[in-house]
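Numbering (this note's numbering), first residue to last: 25 to 124.
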């Protein structure tokens, strides 16, 4: 399991406190984002945000973490964001369970 560094060594103590306080919230965000992509299929950051009710910046911060956990991946396609700009599209990355 990855340990995500959310504060740099040179950051103020308040950054470390904020990073520590977000651990449980980040885990919940991970679960919500993965469930969204499993249920509704590939979409961009803003699509995930619109579907889940999470803020766009909350989704954006979790996507690379979920990619490192090998739970989601980029599709190689870009989609329009809420502002009309192109953003990466993400999908749930299914995994095969070990066969007995």
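For glycine and all other residues, C-beta sits at the position ideal for the given N, C-alpha and C.
Please read these numbers as outputs of a predicted model, since none were measured by experiment.
(message) Checking the sheet assignment: what are the DSSP bridge partners for residue 102?
(response) Indexing the chain shown from 1 puts residue 102 at position 78. Beta-bridge pairing links residue 102 to 112.
(message) Quick check: what's the CA-CA separation for residue 100 versus residue 48?
(response) Stepping through the chain shown from its first residue, residue 100 is reached at position 76. Stepping through the chain shown from its first residue, residue 48 is reached at position 24. Approximately 30 Å, taken between the alpha carbons.
(message) Spatial neighbours of residue 95 within its chain, please: C-beta separation below 8 Å, excluding the five flanking residues on both sides.
(response) One-based indexing of the chain shown puts residue 95 at position 71. Within the same chain, residue 95 has close Cβ partners 54, 58, 116, 117.
(request) With DSSP as the reference, please indicate the residues paired to residue 67 in a beta bridge. (result) On the chain shown, residue 67 is found 43 positions in, with the first residue counted as 1. Its beta-bridge partners are 114.
(message) Assuming contact is defined by CB atoms lying nearer than 8 Å, are residue 22 and residue 67 in contact in what I supplied?
(response) Because residue 22 is not part of the residues shown, which for the chain are 25 to 124, the question remains open.
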